[in-house]
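The structure appears below as structure tokens.
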Amino acid sequence: MARHIKDSKKQANADGFTLVEVLVAMTIFSIGILGMAALQISSIRGNATSSLITLCTIMGENRVEMLMGLDYADAALSPGTHQPDPENDGIDNNFNGQMDESGEDGPVIVSYVVERDTPVRHTKTITHTIFCTHAFGERTITFVQVIPKGLPKSR
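Take any residue in the sequence shown, note its place counting from 1, add 29, and you have its number in the numbering used here.
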């Protein structure tokens, strides 16, 4: 019968992990995984914002180039603030792939201000503002261009 009795000292020094050690390790691992999930969400938000800024910048550049092609005396370049009708502004305001469709309304608003004889005589300074709203906030993109009088337009 002596052979069937286990040595209690051997049991106390046995190799392995206790339940408390396993729970502490799982807690630390869980905190790390939750941190990675938060970083992933932040990354997705940043990518969506940068994509919107890129799209709005492209729209603004297209608008700048469209105005550069106009004659110096064109009505669209008269001094003052201009906000083209969303149905006729040459951009896709609602990101559905169609420009200037009927009833177009969306998160992109384009406006520009024309100043005559600024910074020097016989020039017009145009300040373009593209205002974009999205799920994570609002962004404003601004372009400034100077158009001189008397340069021939390339067509």
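All residues carry an ideal CB built from backbone N, CA and C; glycine is no exception. Note that the structure is a prediction, hence the values are computed from the model and not measured.
Anticipated Cβ contact below 8 Å, residue i with residue j, distance rounded
i	j	result
isoleucine 176	tyrosine 101	6 Å
glutamate 133	proline 115	5 Å
isoleucine 159	valine 173	The Cβ separation is near 13 Å, so there is no contact.
lysine 153	leucine 106	6 Å
arginine 145	proline 108	5 Å
arginine 92	glycine 119	7 Å
leucine 99	cysteine 161	25 Å between Cβ atoms; not a contact.
Closest Cα partner of residue i within the set the options
i	options	result
alanine 104	Thr147, Ala164, Val143	Val143
histidine 157	Gly75, Asp129, Met97, Ala164	Met97
methionine 88	Phe46, Met128, Thr47, Leu52	Met128
According to DSSP, residues forming a beta bridge with residue i
i	result
arginine 74	DSSP, once it has assigned bridges, lists no residue as partnering arginine 74.
arginine 168	Cys161
glutamate 29	Limits of the chain in this structure are 30 at one end and 184 at the other, which puts residue 29 out of reach.
proline 177	Thr152
isoleucine 138	Phe160
Inter-residue Cα distance where the pair is residue i and residue j
i	j	result
asparagine 125	glycine 61	39 Å
glycine 192	valine 49	What the structure shows of the chain is the stretch from 30 to 184, and residue 192 is not part of that stretch, so it cannot be assessed.
threonine 110	proline 148	17 Å
isoleucine 70	leucine 63	11 Å
asparagine 122	threonine 56	48 Å
arginine 74	leucine 84	16 Å
glycine 135	alanine 67	30 Å
methionine 65	tyrosine 141	43 Å
asparagine 76	glutamate 90	21 Å
serine 59	aspartate 44	25 Å
serine 72	valine 53	29 Å
6 Å Cβ shell around residue i - same chain, five flanking residues per side excluded
i	result
threonine 78	Phe165
threonine 171	Thr158
Other residues of its chain near residue i: CB distance less than 8 Å, five sequence neighbours each side excluded
i	result
threonine 169	Thr158, Ile159, Phe160, Cys161
Cβ-based neighbour list, residue i, same chain, cut-off 7 Å, excluding 5 preceding and 5 following
i	result
serine 131	Glu116
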